[in-house]
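Enquirer: Read in order, the letters of the sequence shown are residues 48 to 175 in this note's numbering.
Have a look at this one.
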Amino acid sequence: GLCRVGWATRAAGLELGCDAQGFGYGGTGKKSHAKSFSDYGGPYKKGDVIGCYVDCEAGKVGYTRNGADLGVAFEMPAAMKGQALYPAVCLKNAEMALAFGGDSKHAVKASGALSGAPPAGFAAMGSA
């Protein structure tokens, strides 16, 4: 199935990364923005834990896989800087568990470990 995770504005369409309002990283190892798909980070599979981070001040979006930083995936276009970004997921014939960090009384049970701190200088959504 299709699985893509990332960030989007309120104006984004449902297919994450297929318009200029969202940034996605898919299970096939492709990053996408504005219908432009390119290799990034390698494919992921069931049990992998994908982290999505955004530096709003620097205008950069990046990801982690199983705690390993995959580096900057996107530099935000100037027109997007200052806009609110929201966590976004696009799925087709797939499923995933989501965790937004911080302490939660609704612990996520996943086949992969939900461990590993965000990259230096970043905080989990639940603790930001």
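Yeah, the Cβ is synthetic: ideal placement off N, Cα and C, and Gly gets one too.
Sort Gly73, Gly89 and Lys92 by Cα distance to Ser83 and report the nearest one.
Expert: Nearest option by C-alpha distance: Gly73.
Enquirer: Please name the residue, chosen from Ala125, Cys65 and Asn113, that lies closest to Ala55 on a Cα-to-Cα basis.
Expert: The candidate whose alpha carbon is nearest that of Ala55 is Cys65.
Enquirer: I'd like the span of the beta strand (DSSP E) that includes Leu117, first residue to last.
Expert: It spans Ala115 to Glu122 - the beta strand (DSSP E) in which Leu117 sits, taken as one unbroken run.
Enquirer: Quick one: what does DSSP say Ala125 is sitting in, helix, strand or coil?
Expert: If DSSP states are grouped into helix, strand and coil, Ala125 belongs with the helices.
Enquirer: Please name the residue in Leu138, Ala120, Gly106 and Gly118 whose C-alpha comes closest to that of Lys128.
Expert: Ranking the options by Cα distance to Lys128, first place goes to Gly106.
Enquirer: In this structure, does DSSP put Lys82 in helix, strand or coil?
Expert: DSSP places Lys82 in coil when its eight states are reduced to three.
Enquirer: Looking only at its chain, what residues have a beta carbon closer than 8 Å to the beta carbon of Ala131, apart from the 5 residues adjacent to it on each side?
Expert: For Ala131, where only same-chain residues beyond five positions count, the Cβ hits under 8 Å are Thr56 and Arg57.
Enquirer: Using a Cβ-Cβ cut-off of 6 Å (strictly less than) and excluding sequence neighbours within five positions of Gly89, which residues of its own chain qualify?
Expert: Closer than 6 Å at Cβ, skipping near neighbours: Gly76.
Enquirer: Could you give the DSSP three-state label for Val96: helix, strand or coil?
Expert: Coil, per DSSP.
Enquirer: Taking only three categories from DSSP, how would you classify Ala65?
Expert: The sequence shown places Cys at residue 65, rather than the Ala named in the question. Residue state, collapsed to three classes: coil.
Enquirer: Can you give me the C-alpha to C-alpha distance between Gly71 and Gly114, rounded to a whole angstrom?
Expert: Whole-angstrom Cα-Cα distance: 18 Å.
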